[in-house]
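Novice: Per the working numbering, the sequence shown starts with residue 4, numbered consecutively. All C-beta atoms in this analysis are idealised placements derived from N, C-alpha and C, irrespective of residue type, glycine included. None of the values given here were measured: they were computed from a predicted structure. Pasting in a structure now, in structure tokens, and then I'll have a few things to ask.
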Amino acid sequence: MNSIRSALLRIAFIGVLSLVWHTQALADCSLTSTGFTPVNDLWPGSYQNYAGGLYPQGANNAPPEHLAAGIDRATNQIRPLNAFGDYDPVNGQIVMISVGMSNTTQEFSRFVPMASADPTKNPQLVIVDGAQSGKDASAWADPTAGTWTTVNFRLSSAGVTPAQVQVAWVKEAEKQPTLPFPLEAQGLQTNLEAIARNLKTNYPNIKIAYYSSRTRAYTQVKGSQSPEPYAYESAFSVRWMIENQINGTGNLNFDSNRGPVVAPWLAWGPYLWADGTNPRSDGFVWLCSDLQSDFTHPSASGETKVAQVLLAFFKTHATAAPWFLRPPAQQMSCSVSADPTSGSPGVAVTFSATATSPGRNVTQYAWTFDDGDFSLAQNPSKIFPVPGLYNVRLTVSDNAGNTITTTIPISVQTAPPTPTPTPAPTPTPTPTAAPTPTLTPTPTPTPTTAPAVTIAKTADAVSVSAGSQIGF
Numbered sequence: 004m005n006s007i008r009s010a011l012l013r014i015a016f017i018g019v020l021s022l023v024w025h026t027q028a029l030a031d032c033s034l035t036s037t038g039f040t041p042v043n044d045l046w047p048g049s050y051q052n053y054a055g056g057l058y059p060q061g062a063n064n065a066p067p068e069h070l071a072a073g074i075d076r077a078t079n080q081i082r083p084l085n086a087f088g089d090y091d092p093v094n095g096q097i098v099m100i101s102v103g104m105s106n107t108t109q110e111f112s113r114f115v116p117m118a119s120a121d122p123t124k125n126p127q128l129v130i131v132d133g134a135q136s137g138k139d140a141s142a143w144a145d146p147t148a149g150t151w152t153t154v155n156f157r158l159s160s161a162g163v164t165p166a167q168v169q170v171a172w173v174k175e176a177e178k179q180p181t182l183p184f185p186l187e188a189q190g191l192q193t194n195l196e197a198i199a200r201n202l203k204t205n206y207p208n209i210k211i212a213y214y215s216s217r218t219r220a221y222t223q224v225k226g227s228q229s230p231e232p233y234a235y236e237s238a239f240s241v242r243w244m245i246e247n248q249i250n251g252t253g254n255l256n257f258d259s260n261r262g263p264v265v266a267p268w269l270a271w272g273p274y275l276w277a278d279g280t281n282p283r284s285d286g287f288v289w290l291c292s293d294l295q296s297d298f299t300h301p302s303a304s305g306e307t308k309v310a311q312v313l314l315a316f317f318k319t320h321a322t323a324a325p326w327f328l329r330p331p332a333q334q335m336s337c338s339v340s341a342d343p344t345s346g347s348p349g350v351a352v353t354f355s356a357t358a359t360s361p362g363r364n365v366t367q368y369a370w371t372f373d374d375g376d377f378s379l380a381q382n383p384s385k386i387f388p389v390p391g392l393y394n395v396r397l398t399v400s401d402n403a404g405n406t407i408t409t410t411i412p413i414s415v416q417t418a419p420p421t422p423t424p425t426p427a428p429t430p431t432p433t434p435t436a437a438p439t440p441t442l443t444p445t446p447t448p449t450p451t452t453a454p455a456v457t458i459a460k461t462a463d464a465v466s467v468s469a470g471s472q473i474g475f
């Protein structure tokens, strides 16, 4: 009996060692590449037969009509409100919240002080972190769940009310996913759509909700918190949800002209996934050092990366800058260029900018490339792998909070196919009839006196010389 027990213990011990080794092999800093292409760089490829792109038909920017609706809300509908939700241009507030799990609250908690310290932030904008550790998408799918109660408590602590909430940033995932693609992604999509409706239920004055998918994980252990490929695949959940709203399906209507409003206007926030050490088209990478020891949650450097990208997004995006930035107190000037401004997919563009502000110091250059990517470099480079017209926006700030925003269109088009020349058929020669000869009558010779011929006869021959005459 003891020998059997010992054998079983040895087998169990070996199994544990094997599991530990397997886990370490799939969850460590050596997982620098998954082989996946960022969804906004995926064209003309696909992922398990699903096209890339952040928006319908493989595009990385919103359809013009949908974008125009978002700009209208940002420019004309998001306004300072009092505690009861009434317009108050003097003492009113615009409130933005975050919704999500632990990664979201870590990143947004880093963003809040960064944005609050930025002199360009609208002084009537109040930013509240509503995301909560351990609360995955399913924990927010019920509009009466305790997660929403916690958000409201945090709003109260910040001195604002649910009636003043007008913008949300949502970043969610499912805890310990196991289903194959696309089933797990479709389940997440369902919960993301429920969150959108719950935002409208709990915050009746909300106008816009931006969604982002997960950052890169350095683990592939199925059943762990949010491993690859599920972190990568969460982008499809966001894309399908937004696509439903654009197409008028999924019970996500935001337009009162089309029926009861049940959700805010939905769009992508910044796209955060990069394949480890492999730079995506804007040069962004996600290193193992950007994660904690669980290879899922961001480290301090990872939190800072996401916070900086969020700041660039809100300062530059056409649907965010109107309410995020304070009105400038003085004029700035900016010279900006791009080389080239057009090309075929994969074109590499170098941007350059120089700005001045009289009596002030220029402190920041923030770019959006209109495809989910961003940069805080003064003179960034960017590859555009997907066809489209990209309105690249630059917002320059000075130390007094003044800003200037400019736009450079970049056109990326596929070249028309080069026609293959068709050889001209060789013509069959038409037989040409031989011309009928014209007979010229032979003139009657005029008799002349023949020259004399000299003939010498020998045994073998007769020789004739001119001047001789022969008679017959």
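In the DSSP assignment, find the unbroken alpha helix (DSSP H) run with residue 116 in it and report its ends.
Specialist: It spans 105-119 - the alpha helix (DSSP H) in which residue 116 sits, taken as one unbroken run.
Novice: Mapping the DSSP letters down to three states, classify residue 101 as helix, strand or coil.
Specialist: Residue 101 falls in the strand class under three-state DSSP.
Novice: Go ahead and label residue 168 buried or exposed: buried means 16 or more other beta carbons lie within 10 angstroms of its beta carbon, across all protein chains shown.
Specialist: Buried is the call here.
Novice: Near residue 161, what residues of its chain come up, given a Cβ to Cβ distance below 7 Å and the 5 sequence neighbours on each side ignored?
Specialist: Closer than 7 Å at Cβ, skipping near neighbours: 129 and 131.
Novice: Are the CB atoms of residue 3 and residue 127 nearer to each other than 8 Å?
Specialist: As shown, the chain starts at 4 and ends at 475. That puts residue 3 outside it, with no answer to give.
Novice: Could you pull out every unbroken alpha helix (DSSP H) segment of at least 4 residues lying fully inside the segment 377-405, listed in chain order?
Specialist: Correct list: empty.
Novice: Would you list, in sequence order, the uninterrupted beta strand (DSSP E) runs of no fewer than 3 residues that lie entirely inside the segment 254-331?
Specialist: Qualifying beta strand (DSSP E) stretches, in chain order: 268-271.
Novice: Mind checking residue 63: buried by the 16 CB within 10 Å criterion, or exposed?
Specialist: Residue 63 comes out buried.
Novice: Can you check DSSP and say which residues form a bridge with residue 226?
Specialist: BP columns for residue 226 are empty, so no partner.
Novice: Please return the same chain residues whose Cβ sits closer than 7 Å to the Cβ of residue 388, not counting the five positions on each side in sequence.
Specialist: Contacts found: 44, 46, 284, 348 and 349.
Novice: Tell me the rounded alpha-carbon separation between residue 65 and residue 292.
Specialist: If I take the Cα positions, the gap works out to 33 Å.
Novice: Do the segment 192-199 and the segment 168-181 meet, that is, are 3 or more Cβ pairs less than 8 Å apart?
Specialist: In short, these stretches touch, since the Cβ pair count reaches three.
Novice: Answer with buried or exposed for residue 124, where buried requires no fewer than 16 other C-beta atoms within 10 angstroms of its C-beta.
Specialist: Residue 124 is buried by the Cβ-count criterion.
Novice: Closest to residue 121 by C-alpha separation, out of 336, 374, 310 and 335, would be which residue?
Specialist: Nearest C-alpha to residue 121: 310.
Novice: Could you please give me the residues that DSSP links to residue 1 through a beta bridge?
Specialist: Since the first and last residues shown for the chain are 4 and 475, residue 1 lies out of range.
Novice: Which partner residues does residue 337 have in the DSSP bridge list?
Specialist: For residue 337, which the question treats as bridged, DSSP gives the partners 358.
Novice: Could you have a look at residue 209 and say whether DSSP puts it in helix, strand or coil?
Specialist: Residue 209: coil per DSSP, three-state reduction.
Novice: Go to residue 123, then tell me how far its beta strand (DSSP E) extends in each direction, as first and last residue.
Specialist: Element bounds for residue 123: n/a, residue is neither H nor E.
Novice: DSSP beta-bridge partners for residue 346?
Specialist: 415, per the DSSP bridge assignment.
Novice: Please state the DSSP three-state secondary structure of residue 515.
Specialist: Examination of residue 515 is not possible in this model, given that the chain is present from 4 through 475 alone.
Novice: Measuring alpha carbon to alpha carbon, tell me which of 371, 95 and 303 ends up nearest residue 323.
Specialist: Nearest of 371, 95 and 303 to residue 323, Cα basis: 371.
Novice: Taking the straight line between their C-alpha atoms, what separation do you get for residue 226 and residue 233?
Specialist: Near 10 Å, if we compare the C-alpha coordinates of residue 233 and residue 226.
Novice: Does the beta-carbon distance from residue 191 to residue 237 come in below 8 Å?
Specialist: Contact flag set, yes.
Novice: Could you check the C-alpha separation between residue 185 and residue 202 for me, to the nearest Å?
Specialist: Those two C-alpha atoms are separated by around 26 Å.
Novice: Just verifying my parser: in three-state terms, what is the DSSP assignment at residue 60?
Specialist: Reduced to three states, the DSSP call for residue 60 is helix.
Novice: How many angstroms separate the CA atom of residue 551 from the CA atom of residue 407?
Specialist: Given that the chain is displayed from residue 4 to residue 475, the structure contains no residue 551 and the question cannot be resolved.
Novice: Pick from 353, 151 and 312: whose alpha carbon is nearest that of residue 287?
Specialist: When each option's Cα is compared against that of residue 287, the closest is 312.
Novice: Quick check: what's the CA-CA separation for residue 28 versus residue 303?
Specialist: Below a pLDDT of 50, predicted positions are generally treated as unreliable, and residue 28, at 41, falls in that range; no measurement from the model is reported.
Novice: Would you mind giving the Cβ-Cβ distance between residue 270 and residue 73, rounded to the nearest angstrom? I have them listed as a contact below 8 Å.
Specialist: The pair is a contact, with the Cβ atoms about 6 Å apart (cut-off 8 Å).
Novice: Would you tell me roughly how many angstroms separate the C-alpha atoms of residue 165 and residue 148, rounded to the nearest one?
Specialist: Rounded to the nearest angstrom, the two C-alpha atoms are 16 Å apart.
Novice: Starting from the N-terminal side, write out each stretch of the beta strand (DSSP E) that is 3 residues or longer and does not extend beyond the segment 121-161.
Specialist: If we require 3 residues or more, the beta strand (DSSP E) runs fully inside the segment 121-161 come out as 128-131.
Novice: Decide if residue 374 is buried, meaning its Cβ has at least 16 other Cβ atoms within 10 Å, or exposed.
Specialist: With 16 or more other Cβ atoms within 10 Å, it is buried.
Novice: Our contact map puts residue 42 next to residue 56 with C-beta atoms below 8 Å; I'd like the distance itself, whole angstroms only.
Specialist: Contact flag correct, Cβ pair sits at about 7 Å.
Novice: Taking only three categories from DSSP, how would you classify residue 216?
Specialist: In the structure shown, residue 216 sits in coil (DSSP, three-state: anything other than H, G, I, E or B).
Novice: Could you check what DSSP says for residue 221 in three-state terms: helix, strand or coil?
Specialist: In this structure, residue 221 counts as coil in the three-state DSSP scheme.
Novice: Whole angstroms is fine: what's the gap from residue 258's alpha carbon to residue 248's?
Specialist: Computed Cα separation, rounded: 10 Å.
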